[in-house]
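Residue numbers (the working numbering): 59 to 253.
From the three backbone atoms N, C-alpha and C, an ideal C-beta is built for every residue, glycine too.
Computed from a prediction, not measured in an experiment: that's the story for all the values here.
Let me begin by presenting the structure, written as structure tokens, before commenting on it.
Written out as structure tokens, the structure reads:
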């Protein structure tokens, strides 16, 4: 059994009493975006998720670049976005959910450089020997805010508590993870970002 399989088998056996109160509600993909947000002029990146409130002022604009890279103009930075846009910038606002189980306690989301790309990973918080889970990538790099394009099977959904939607966003995969996906079969991460 691979390390990833052992990790997910262990997680499946974990007590789920609290998690059973939580569920998920789909979000129209055109109303939500995962963004690699530059920190310290691009020295590193953090994850930001924006959700558009329907029939309100536009929160962001996308521009497709060569090679599939999509740059984001965060329009919400130019106006009071209260009531028009929801912004999640840390683990209080987003987490990972796989096959109906919230893994936010076991994994943290982070954006890491790999060659000329930025990759969104769910990294283990307790078993650091477990492999990270690759969730999406930017398909290139440039200055500024970049759209993270989710890998097949991944989507964003709103957390519900006892049937009521709350502000938390899940990056979710509704089926058990393929071992290749869970093992993150990919080249090693670079230690320093390309500039």
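Give me the Cβ distance between residue 100 and residue 201, rounded to the nearest whole Å; I'm assuming they're in contact under 8 Å. Contact flag correct, Cβ pair sits at about 6 Å.
Let me confirm a value: residue 103 is counted as buried when at least 16 other C-beta atoms fall within 10 Å, else exposed. Which label applies? Classification for residue 103: buried.
Close Cβ partners of residue 74 (< 6 Å) along its chain, the five nearest in sequence each way excluded: Unreliable placement is indicated for residue 74, whose pLDDT of 44 sits below 50; the coordinate value is still reported in the next sentence. Excluding positions up to five away in sequence, the list is empty.
Which value, in whole angstroms, describes the spacing of the CA atoms of residue 174 and residue 126? The straight-line gap from Cα to Cα measures roughly 13 Å.
Under 8 Å, with one C-beta from each stretch per pair, do the stretch 134-143 and the stretch 200-217 reach the 3-pair mark? Using a C-beta cut-off of 8 Å, the stretch 134-143 makes no contact with the stretch 200-217, since fewer than three inter-stretch Cβ pairs fall below that distance.
Determine the extent of the beta strand (DSSP E) in which residue 156 is found, giving its start and end residues. For residue 156, the enclosing beta strand (DSSP E) starts and ends at 152-156.
Pair every Cβ in the stretch 219-238 with every Cβ in the stretch 79-91, then say whether three or more of these pairs are closer than 8 Å. Segments in contact, yes.
CB residue 3 to CB residue 165, shorter than 8 Å? Lying outside 59 to 253, the shown extent of the chain, residue 3 is not represented and no answer is given.
Using a Cβ-Cβ cutoff of less than 7 Å, which residues in the same chain neighbour residue 183 once the five nearest sequence positions on both sides are dropped? Cβ neighbours of residue 183 beyond the five flanking positions: 164, 165, 166.
What's the gap between the Cα of residue 114 and the Cα of residue 187? Taking the Cα positions, residue 114 is about 45 Å away from residue 187.
Using a 10 Å radius around the Cβ and a threshold of 16 neighbouring Cβ atoms, would you call residue 234 buried or exposed? Residue 234 is exposed by the Cβ-count criterion.
Excluding the five sequence neighbours on either side, which residues of its own chain have a C-beta within less than 8 Å of the C-beta of residue 212, listed in chain order? Answer for residue 212: 193, 194, 229, 230, 231, listed in chain order.
My guess is that residue 119 and residue 128 are in contact by the Cβ rule of under 8 Å, so how many angstroms apart are they, rounded? Their Cβ separation, rounded to whole angstroms, is 10 Å, which puts residue 119 and residue 128 out of contact at 8 Å.
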